[in-house]
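Accompanying notes for the structure given below.
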Amino acid sequence: MSTPERYDIREERRSRKQLSCAVPCANCVRRECTDLCPNSVRVKKQTQRDDIGEVRERLAAIEGLLAAIPGLRRAMSVSRARRAFGKTRDAPAPPRHDTALPIARIRTAQQVTPAPLADLLEKNHEESTASLPTPSHPTPSHASNPSIPAFEYRYEPNPPPQDESYGTLVIDRSGRSKWLGPTAGTEWLRNSEVGPRRSRSPSPPPAERADEDWFGADSLFPFPPWGPAPTMTTILLHLPPVAQARVLLNAYYGNYTWNHDVAPRTGVQPIFERAYGLDAESDAKVHPQQLALLFIILAMGALHNPALPPHDPGAEHHLAAARWCLVKGDFIGHNTIAGLQALVIMAHYALETEKGRNGDSAWPLWGLAMRLVTAMGLHIDGRRWNLPPDVAEERRHVFWECHTIDVFQANCFSRPSSLRPEHIDTAFPGSGDRDFRTLKFELCRISGAVLDQAMDVRPTPYASIDALYDRLCAFERHIPFGMRCRTALLALPSVYADAESATRDSPPVSANLARTFQQFTLALNVSEAILFLQRPYFVRALQEAPQDPTRSAHAKSYLAVVERCNVLIEVVAGLYELYPTVTARHWFFWYHLFTAAVCLGTMIILNPTNPLAGLVLGQIDHSIKLYSSVLRDHATPSLLQNHQWLLRLRARALSKVEHAPPPPGDEGDVDVELLGWRTRLVERARGQRRATTIRRDGDDSPATASLGASPAPMHMPDAMPGPAPTIDQVLQQHFVDAPQRTQDPATDLLLHQFWDPTTLLESREGAGGASNWWTAWDLGLPDLQNSM
Numbered sequence: 001m002s003t004p005e006r007y008d009i010r011e012e013r014r015s016r017k018q019l020s021c022a023v024p025c026a027n028c029v030r031r032e033c034t035d036l037c038p039n040s041v042r043v044k045k046q047t048q049r050d051d052i053g054e055v056r057e058r059l060a061a062i063e064g065l066l067a068a069i070p071g072l073r074r075a076m077s078v079s080r081a082r083r084a085f086g087k088t089r090d091a092p093a094p095p096r097h098d099t100a101l102p103i104a105r106i107r108t109a110q111q112v113t114p115a116p117l118a119d120l121l122e123k124n125h126e127e128s129t130a131s132l133p134t135p136s137h138p139t140p141s142h143a144s145n146p147s148i149p150a151f152e153y154r155y156e157p158n159p160p161p162q163d164e165s166y167g168t169l170v171i172d173r174s175g176r177s178k179w180l181g182p183t184a185g186t187e188w189l190r191n192s193e194v195g196p197r198r199s200r201s202p203s204p205p206p207a208e209r210a211d212e213d214w215f216g217a218d219s220l221f222p223f224p225p226w227g228p229a230p231t232m233t234t235i236l237l238h239l240p241p242v243a244q245a246r247v248l249l250n251a252y253y254g255n256y257t258w259n260h261d262v263a264p265r266t267g268v269q270p271i272f273e274r275a276y277g278l279d280a281e282s283d284a285k286v287h288p289q290q291l292a293l294l295f296i297i298l299a300m301g302a303l304h305n306p307a308l309p310p311h312d313p314g315a316e317h318h319l320a321a322a323r324w325c326l327v328k329g330d331f332i333g334h335n336t337i338a339g340l341q342a343l344v345i346m347a348h349y350a351l352e353t354e355k356g357r358n359g360d361s362a363w364p365l366w367g368l369a370m371r372l373v374t375a376m377g378l379h380i381d382g383r384r385w386n387l388p389p390d391v392a393e394e395r396r397h398v399f400w401e402c403h404t405i406d407v408f409q410a411n412c413f414s415r416p417s418s419l420r421p422e423h424i425d426t427a428f429p430g431s432g433d434r435d436f437r438t439l440k441f442e443l444c445r446i447s448g449a450v451l452d453q454a455m456d457v458r459p460t461p462y463a464s465i466d467a468l469y470d471r472l473c474a475f476e477r478h479i480p481f482g483m484r485c486r487t488a489l490l491a492l493p494s495v496y497a498d499a500e501s502a503t504r505d506s507p508p509v510s511a512n513l514a515r516t517f518q519q520f521t522l523a524l525n526v527s528e529a530i531l532f533l534q535r536p537y538f539v540r541a542l543q544e545a546p547q548d549p550t551r552s553a554h555a556k557s558y559l560a561v562v563e564r565c566n567v568l569i570e571v572v573a574g575l576y577e578l579y580p581t582v583t584a585r586h587w588f589f590w591y592h593l594f595t596a597a598v599c600l601g602t603m604i605i606l607n608p609t610n611p612l613a614g615l616v617l618g619q620i621d622h623s624i625k626l627y628s629s630v631l632r633d634h635a636t637p638s639l640l641q642n643h644q645w646l647l648r649l650r651a652r653a654l655s656k657v658e659h660a661p662p663p664p665g666d667e668g669d670v671d672v673e674l675l676g677w678r679t680r681l682v683e684r685a686r687g688q689r690r691a692t693t694i695r696r697d698g699d700d701s702p703a704t705a706s707l708g709a710s711p712a713p714m715h716m717p718d719a720m721p722g723p724a725p726t727i728d729q730v731l732q733q734h735f736v737d738a739p740q741r742t743q744d745p746a747t748d749l750l751l752h753q754f755w756d757p758t759t760l761l762e763s764r765e766g767a768g769g770a771s772n773w774w775t776a777w778d779l780g781l782p783d784l785q786n787s788m
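In UniProt numbering, the protein residues as written are 1 to 788.
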């Protein structure tokens with residue numbers, strides 16, 4: 001009997017090791033990267049260190065693959081852009097399948113017969129390099145002006161290779177735009193390639209329409225229901241007659257868009273013609289979001305049509321129709337330029353009406369609009385994806401109009417804006433000329449810096465405030481001659497020592513309504529930004545040196561605020577004299593007039609012996625006169641309330657002046673330059689004043705007679721005359737002389753609202769500030785508190 005063979009485990013391991021040394025190995029074959037597998041037998045461990053050349057070759061191969069990835073991304077962007085705009089832009093919405101442009105190269109490579117990865121990447125890199133044009137877009141000329149400091153502008157015509165990834169932009173043929181950043185999650189990127197979406201909410205079947213009273217709550221966000229769920233045919237029936245629609249369209253573009261023109265007429269006119277069937281050459285249907293844009297423009301035209309009464313009911317009807325169209329077009333999930341434009345104009349509309357004057361409706365809509373801006377990638381310049389020039393220009397225009405109003409309104413509400421400047425890559429629209437739009441966009445960047453320092457929870461050095469102020473003044477000095485406002489320059493004695501130089505450096509008032517409003521509004525916006533910047537430190541100067549704020553460490557802020565308040569009042573007065581009907585319907589003129597008057601009135605309440613008390617009382621009277629004039633034809637609750645508050649503020653200021661001790665007569669130690677500035681300010685305010693001083697009945701006290709009031713006082717009647725009996729009754733209720741009281745809670749509340757931000761600033765900075773605002777009020781404002 002033979003002895004059985006013994007199993008040798010070492011021999012088994014040796015045979016397995018020999019099998020695993022096959023070249024190329026199984027893993028490399030499966031992964032299709034055989035070129036990376038060793039091309040010879042394994043070297044022994046002790047000689048592997050010496051084979052540096054082989055390691056370098058492998059590293060070079062890997063680096064070559066990585067270098068090809070940016071080229072693949074560029075090729076995908078070019079492919080998407082060419083597919084998106086290969087057909088006409090006005091084509092109707094496509095069927096529900098195949099609505100989004102796919103990222104073709106990667107997905108196709110995954111679905112066909114596998115090929116070596118290196119060959120695929122090399123092929124794509126060669127194709128993209130051959131087909132990709134060199135981006136060439138000149139940097140706007142304003143950015144190169146060394147005399148105007150500005151934010152860093154991130155748009156670079158020829159960016160370095162490491163900055164070439166700007167995310168993924170998908171635009172379908174219905175106009176829907178979607179952008180995802182370079183580090184977006186894979187699932188979102190996948191969803192941007194596939195997954196068809198409806199371009200609008202479906203019309204309910206006939207059998208279901210009778211049972212439905214409105215859309216579901218989700219589909220109505222953020223708007224409330226407006227009757228039964230309409231079909232597109234029903235919505236089109238709500239369009240006004242074509243002749244009336246033309247009048248409203250002309251009123252909107254004639255009286256409103258000189259300032260905010262997010263939807264230029266060149267893009268809206270084709271929508272108008274298709275909606276009314278006036279374009280015989282085109283059978284394209286109107287998208288619901290385009291119809292929403294048309295309806296909201298008609299609503300704004302009704303508000304700004306001088307032939308219609310203020311707040312015409314037809315405007316609300318057009319607004320409701322615009323809301324339904326946005327809901328019908330699924331504007332939350334299906335983002336288009338037209339839907340974004342409609343949403344922004346809706347926010348403007350909310351501030352133009354009495355129901356939305358507090359901003360509770362407008363602010364969320366602007367925030368939603370800015371979210372859609374980033375979702376559509378408008379903050380990245382269209383040249384990054386080689387979009388057609390007209391499409392890239394349209395996206396630039398819409399972005400900067402949206403971003404500018406977001407920053408301006410954030411300053412008005414003293415809230416953070418939606419987009420940081422370092423996240424913006426979009427170039428300014430236009431040819432680079434410094435027209436009104438470009439100047440407004442430049443000022444938006446500086447206003448954003450003003451807002452940033454106001455929102456910063458950390459203390460801001462006063463040197464930074466001073467630098468921002470100098471930056472605003474430099475911007476104002478470099479406004480082109482044709483866009484300067486003579487009325488504003490005449491109210492700046494610190495800049496122009498005599499009226500002749502101010503007249504020489506500014507054009508006369510233009511006969512063109514749009515140009516005149518642009519000149520005056522640009523000057524108002526500059527002074528508004530300075531007021532937002534300096535007002536907390538203006539109050540600080542009044543606290544530190546009540547008898548003479550010019551001796552405070554914040555004297556520059558004090559003088560700047562006084563001068564800019566004077567500019568605001570004179571600008572509104574000048575515009576109202578030229579175009580009273582149009583000026584009356586723009587809320588922000590009266591908003592800034594009220595702010596300036598209250599700011600000046602605070603000076604007298606704290607120190608009635610202030611050398612500028614006469615100027616202050618005269619400008620408060622001027623503001624009251626302007627409100628009285630506009631109320632005769634445009635009596636609205638907000639204007640009535642502001643007029644009432646100014647009357648109370650003036651009464652409080654006069655009371656302080658009457659009981660104040662006589663001012664010291666020795667001003668020998670006052671700076672001569674300051675005296676000259678003060679004299680010029682008072683004289684020019686008197687020279688430009690068109691309203692006479694309003695004095696209380698029987699008020700002939702020496703204190704008021706010596707304040708530099710106008711020589712022809714006007715007695716305030718018990719009730720202002722109004723256009724209708726109902727207005728008379730309202731005015732009688734608001735303006736009838738009430739018994740004199742030692743305290744006025746309404747005025748106290750107004751003054752608290754003015755002073756509280758500064759006391760909060762003190763608390764934030766520490767350095768002697770109180771821990772709570774009410775403690776700071778008690779400690780820091782004794783004179784004002786005693787006057788209440």
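In this text, a Cβ means the ideal position worked out from N, Cα and C, and glycines have one as well.
Rounded Cβ spacing between residue i and residue j (contact assumed at less than 8 Å)
i: Ile271; j: Leu294; result: 5 Å
i: Ala338; j: His287; result: 7 Å
i: Gln289; j: Thr257; result: Not confirmed; about 20 Å, so no contact.
i: Val562; j: Leu612; result: 6 Å
i: Val571; j: Cys473; result: The Cβ separation is near 17 Å, so there is no contact.
i: Cys581; j: Pro306; result: Here the sequence assigns Thr to residue 581, which means Cys is not the residue at that position. Rounded, the Cβ-Cβ distance is 5 Å, consistent with contact.
Close beta carbons around residue i, own chain, < 6 Å, minus the five adjacent residues each side
i: Ile620; result: Ala597, Gly601 and Arg650
i: Ala545; result: Arg551 and Ser552
i: Arg632; result: none
i: Val407; result: Ser417, Cys444, Ser447 and Gly448
i: His634; result: Pro310 and Ala584
Residue i, buried or exposed, once every other Cβ within 10 Å from all chains shown has been counted against 16
i: Gln547; result: exposed
i: Ala523; result: buried
i: Asp425; result: buried
i: Arg535; result: buried
i: Pro459; result: exposed
i: residue 839; result: Here the chain comprises residues numbered 1 to 788, so residue 839 is not present and cannot be evaluated.
i: Pro493; result: buried
i: His423; result: exposed
i: Asp498; result: exposed
i: Asp330; result: buried
i: Ala342; result: buried
For residue i, the first and last residue of its enclosing alpha helix (DSSP H)
i: residue 825; result: This structure does not reach residue 825, given that the chain is present from 1 up to 788, and the question cannot be answered.
i: His643; result: Pro637 to Glu658
i: Gly574; result: Ala555 to Leu578
i: Met483; result: First-last for Met483: undefined, no H or E at that position.
i: Cys25; result: Premise fails: Cys25 is in no alpha helix (DSSP H) and is neither H nor E.
i: Gln547; result: Here Gln547 belongs to no alpha helix (DSSP H), and DSSP marks it neither H nor E.
i: Glu273; result: Arg265 to Ala275
i: Arg246; result: Val242 to Asn255
i: Leu294; result: Pro288 to Leu303
i: Gly614; result: Ala613 to Asp633
i: Asp279; result: First-last for Asp279: undefined, no H or E at that position.
i: Ala375; result: Ala362 to Ala375
i: Pro313; result: Pro313 to Lys328
i: Trp587; result: Trp587 to Leu606
8 Å Cβ shell around residue i - same chain, five flanking residues per side excluded
i: Ala60; result: none
i: Ile235; result: Pro288, Leu291, Ala321, Trp324, Cys325 and Lys328
i: Ala392; result: Asp381, Gly382 and Arg383
Cβ shell of residue i (< 7 Å), same chain only, five flanking positions each side left out
i: Tyr591; result: none
i: Ser623; result: Ile569, Leu593, Ala597 and Leu646
i: Tyr469; result: Ile530, Leu533, Gln534 and Ala560
i: Gly359; result: Leu351 and Phe413
i: Ala299; result: Ala315, His318, Leu319, Ala322 and Tyr349
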